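Chemist:
There are 2 protein chains.
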Amino acid sequence: MSTLFNQTDRTTPTRSAERLAYDRAPAFQVLDEALFCDVAFTGPDGAPRILPTFHARVGSTVYFHGSTGSSMGLAAREGLDVCLTATIVDGLVFAKSWFHHSMNYRSVVVHGRAALVTDAHERWLMMRALVERMSTGRSERSREPSAKEDSATAIMALPLEEASVKRRGGPPSEDPDDEGLPYRNGVAEVTTTVAGRL
Amino acid sequence: MSTLFNQTDRTTPTRSAERLAYDRAPAFQVLDEALFCDVAFTGPDGAPRILPTFHARVGSTVYFHGSTGSSMGLAAREGLDVCLTATIVDGLVFAKSWFHHSMNYRSVVVHGRAALVTDAHERWLMMRALVERMSTGRSERSREPSAKEDSATAIMALPLEEASVKRRGGPPSEDPDDEGLPYRNGVAEVTTTVAGRL
Numbered sequence: 001m002s003t004l005f006n007q008t009d010r011t012t013p014t015r016s017a018e019r020l021a022y023d024r025a026p027a028f029q030v031l032d033e034a035l036f037c038d039v040a041f042t043g044p045d046g047a048p049r050i051l052p053t054f055h056a057r058v059g060s061t062v063y064f065h066g067s068t069g070s071s072m073g074l075a076a077r078e079g080l081d082v083c084l085t086a087t088i089v090d091g092l093v094f095a096k097s098w099f100h101h102s103m104n105y106r107s108v109v110v111h112g113r114a115a116l117v118t119d120a121h122e123r124w125l126m127m128r129a130l131v132e133r134m135s136t137g138r139s140e141r142s143r144e145p146s147a148k149e150d151s152a153t154a155i156m157a158l159p160l161e162e163a164s165v166k167r168r169g170g171p172p173s174e175d176p177d178d179e180g181l182p183y184r185n186g187v188a189e190v191t192t193t194v195a196g197r198l
Numbered sequence: 199m200s201t202l203f204n205q206t207d208r209t210t211p212t213r214s215a216e217r218l219a220y221d222r223a224p225a226f227q228v229l230d231e232a233l234f235c236d237v238a239f240t241g242p243d244g245a246p247r248i249l250p251t252f253h254a255r256v257g258s259t260v261y262f263h264g265s266t267g268s269s270m271g272l273a274a275r276e277g278l279d280v281c282l283t284a285t286i287v288d289g290l291v292f293a294k295s296w297f298h299h300s301m302n303y304r305s306v307v308v309h310g311r312a313a314l315v316t317d318a319h320e321r322w323l324m325m326r327a328l329v330e331r332m333s334t335g336r337s338e339r340s341r342e343p344s345a346k347e348d349s350a351t352a353i354m355a356l357p358l359e360e361a362s363v364k365r366r367g368g369p370p371s372e373d374p375d376d377e378g379l380p381y382r383n384g385v386a387e388v389t390t391t392v393a394g395r396l
């Protein structure tokens, strides 16, 4: 498998192209680190919807969680065109000008068709992956789903084919003319910690 | 002004209704605390798009940042139907069963039509609000935008009218039959910290 995603029209930016990449490894890392993702789809009225949800990446597929009763769960029986994003904020970037204030971040955008996972074994594996991602080994320190619980859970699969990763890192950009301004600049680090995983 | 948002079809859930509310105050608080939001819109091909971006709430409007050259910036000249979400993860919820594993979170979903802010003074105020949200007083510790910088920045306004806030807090739910299982349960707290704002 290529280490790169294939670039398409909708993963080609109209600006800040230098921040965008098509490498699988950093995209996978963002998906593995992010504590939630947002899934957008088009509602029955043609307007966009977003569902924040929890996800797990397994190989080149991202699985996310829904409910069989939700509007997305129902729509996904036929396959559902979605855009999925996961973002990690790494820093607040303070520049000498308002204009150059920014964020350090890593963000993945995935386009594609999500489908309900119907195979019983694949569903079990994916539910396990979701629990394992909360804490390594947790699937063995908790009870597996009953048939009733299984049937109440919708697991959607989205292939990681049309995707990109965007990133900003490092110190603020500055306008050369601003160098002499008496303002401090730099990056305030943003850290997310999880205390006491079980 | 009512303390509640008006409920509409698309802010009415098909499940977990007990987690959903239409109160302005907690919705505003989530928007004020979140370090980014996701904005979904429908692309020219009819498929959904998401743009992660930075935002500031001022009164009953959420302003978010774009670029005049981006596809969204261009589309928003005419007004653009969007769905905007901001989510804060407060905890990982470990239950005795896989099924009851969950997250503690607070999440806002806003539906509406976003429009480019064209009034020069409103634009200046909103750019200031974005910078101030990164650190109180920062707009006075950095240089205001030049005319050229101003014209390169797209500020979109989305009215906070059709919105809802979803929340889960507290300990894991458990199936009564699981009480005797020898597994630990509880919540691992998730905290996001910003070190060294300037």
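Protein chains in written order, with the numbering used here: chain G, 1 to 198; chain C, 199 to 396.
Glycine included, C-beta positions come from ideal geometry on N, C-alpha and C.
Quick caveat, the model's predicted, so the values are computed rather than measured.
#1: Could you work out which residues of chain C lie near G/Thr192, taking near to mean beta carbons separated by less than 9 angstroms?
#2: Give the secondary structure of C/Ser214 by DSSP, where H, G and I count as helix, E and B as strand, and everything else as coil.
#3: Per the DSSP calculation, C/Lys346 is bridged to which residue(s)?
#4: Let me confirm a value: C/Asn302 is counted as buried when at least 16 other C-beta atoms fall within 10 Å, else exposed. Which label applies?
#5: In this structure, does DSSP put C/Ser337 in helix, strand or coil?
#6: How many Å lie between C/Glu320 and C/Gln227 at the Cα?
#7: Give the straight-line distance between the Cα atoms of G/Glu161 and C/Asp236, rounded to the nearest whole angstrom.
#8: Determine which residues of the segment 330 to 342 of chain C have a Cβ less than 8 angstroms from any Cβ of chain G, and write them out in chain order.
#9: Would C/Pro369 be called buried (16 or more neighbouring beta carbons within 10 Å of its own) or exposed?
#10: At 7 angstroms on the CB atoms, spell out the chain C contacts of G/Asp81, in chain order.
#11: List in chain order: all unbroken beta strand (DSSP E) runs of 3+ residues lying wholly within the segment 368 to 396 of chain C.
#12: For C/Val307, which three-state DSSP category applies?
#13: Could you check whether the segment 243 to 260 of chain C touches the segment 291 to 301 of chain C, counting it as contact only if at least three pairs of C-beta atoms, one from each stretch, sit closer than 8 angstroms?
#14: Is it true that the CB of G/Arg57 sits closer than 7 angstroms to the CB of G/Gly79?
#15: Please list the partners that C/Arg321 has in chain G, where partner means a Cβ-to-Cβ separation under 9 angstroms.
#16: Which residues, in chain order, does the segment 154 to 166 of chain G contribute to contact with chain C at a C-beta distance below 9 angstroms?
#17: For the beta strand (DSSP E) containing C/His253, list its first residue and its last residue.
Modeler: According to the structure shown:
#1: Val287, Val388, Thr389, Thr390 and Thr391
#2: coil
#3: Answer is none; C/Lys346 lacks a bridge partner.
#4: buried
#5: helix
#6: 22 angstroms
#7: 21 angstroms
#8: Met332, Ser333, Arg336, Ser337, Arg339, Ser340, Arg341 and Glu342
#9: exposed
#10: Ala245 and Pro246
#11: 384 to 393
#12: strand
#13: no
#14: no
#15: Within 9 angstroms Cβ-Cβ: nothing; C/Arg321 doesn't reach chain G, min ~11 angstroms.
#16: Lys166
#17: His253 to Val256
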